[in-house]
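Everything below concerns the one structure shown next.
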Amino acid sequence: MSATQLLEVRNLSVAYRQGAGWVRAVDDVSFALRPGEVFGLVGESGCGKSTISLQLLGYRHVSMRVEHGEVRFKGVNLIDMSRAELDELRGDRIAFVPQNPTTALNPGIRVGQQLAETLLAHGRADKESAEATIAGILKLVGLPADPAFQRRYPHQLSGGQQQRVCIAMALACDPDLLVLDEPTTGLDVTTQEQIIALLSELRGRIGVAMLYVTHDL
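Convert by adding 2 to the 1-based position in the sequence shown; the result is the number in my numbering.
Here it is as structure tokens:
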């Protein structure tokens with residue numbers, strides 16, 4: 003792996019079980035991503051984009067298998083990592099922004115508490131310092147940082163605000179790489195533009211690398 007690469011996907015092939023056999027959904031895909039770079043992964047629905055993106059976080063389904071290839075992050079092959087090692091990595095060095103924030107956020111937990119859980123799980127804050135850290139993260143993504151907003155439940159937010167909360171959670175631990183799986187799907191055109199502008203601004207401000215998955219050129 004080149005010293006200039008943050009992420010390198012090499013000849014990745016992934017298959018899903020279908021009946022008694024296997025169907026290959028991703029066939030010999032290779033690409034690389036440098037620190038601070040934004041890389042677009044574009045294709046029609048069902049072509050394997052999300053399958054690829056989930057391999058960057060080491061997610062495996064019981065009915066899928068990696069047939070061959072490597073996914074190297076900072077030189078380490080994620081496919082060979084244990085569940086415990088992946089749990090330390092996910093949300094900390096590599097973070098995920100989902101397609102549907104409404105289903106991604108826990109409807110029964112307040113926004114501030116969901117952000118706090120991410121920080122506490124990776125040792126990025128303790129209970130005493132989490133509140134100030136959360137306020138800073140919310141400001142970074144253009145959301146109110148006051149306690150009243152942090153006490154809201156996800157259903158009390160607009161779709162754009164929900165997606166900004168998901169982005170805030172992904173950025174909470176200052177990751178090296180954001181994996182964004184069609185993050186503007188289901189949002190109105192104006193809100194889509196705002197989210198794209200926010201991501202562009204964040205890249206310039208904090209230099210995080212992004213893999214941006216979309217079907218929309």
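Glycine included, every Cβ here is placed at the ideal spot set by N, Cα and C. Nothing here was measured: the structure is a model prediction, and the numbers come from that model.
Mind checking whether L145 and V181 have CB atoms under 8 Å apart? For L145 and V181, no; Cβs fall outside 8 Å.
So is K51 buried or exposed if we call it buried at 16+ other beta carbons inside 10 Å? Answer is buried; the Cβ neighbour count reaches 16.
For Q165, which of E195, P177, A132 and F75 has the nearest alpha-carbon? The shortest Cα separation from Q165 among E195, P177, A132 and F75 belongs to E195.
Straight-line CA distance for A199 to S65? Take the alpha-carbon of A199 and the one of S65: they are about 37 Å apart.
Suppose you measure from the CA of P103 to the CA of G161; what does that come to, to the nearest Å? One C-alpha to the other measures close to 7 Å.
Could you give the uninterrupted runs of the alpha helix (DSSP H) lying entirely in the stretch 40-67, keeping only those of 4 residues or more? The alpha helix (DSSP H) runs of length 4 or more contained entirely in the stretch 40-67 are, from start to end of the chain, 51-57.
In chain order, what residues of the same chain lie with their CB nearer than 6 Å to the CB of R12, ignoring the 5 residues before and after it? The residues S32, G71 and E72, in chain order, have a CB closer than 6 Å to that of R12 in the same chain once the five nearest residues on each side in sequence are set aside.
Going by DSSP, what residue range makes up the beta strand (DSSP E) through M212? Element bounds for M212: A211 to T216.
Would you report the Cα separation of G114 and I136, rounded to the nearest angstrom? Near 7 Å, if we compare the C-alpha coordinates of I136 and G114.
Compare the Cα-Cα distances from A27 to each of E69, L35, L9 and T6 and report the closest residue. The option with the nearest alpha carbon to A27 is E69.
With which residues is V259 paired in a DSSP beta bridge? There is simply no residue 259 to check, as the chain begins at 3 and stops at 219 in what is shown.
Range of the contiguous beta strand (DSSP E) that encloses L179: If you look at L179, you'll find it in the beta strand (DSSP E) that goes L179 to D183.
Here's the rule I'm using: 16 or more other beta-carbon atoms within 10 Å means buried, otherwise exposed. How should L219 be labelled? By the neighbour-count criterion, in which 16 or more other beta carbons inside 10 Å mark a residue as buried, L219 falls on the exposed side.
Nearest candidate by alpha-carbon position, reference K76, set L58, S84 and D89: Closest in alpha carbon position to K76, among L58, S84 and D89, is L58.
Straight-line Cα distance separating A22 from I197: One Cα belongs to I197, the other to A22, and the distance between them is close to 43 Å.
Residues in the same chain with beta-carbon distance under 6 Å from D30, minus the five sequence neighbours each way, listed in chain order, please. For D30, where only same-chain residues beyond five positions count, the Cβ hits under 6 Å are N13 and S15.
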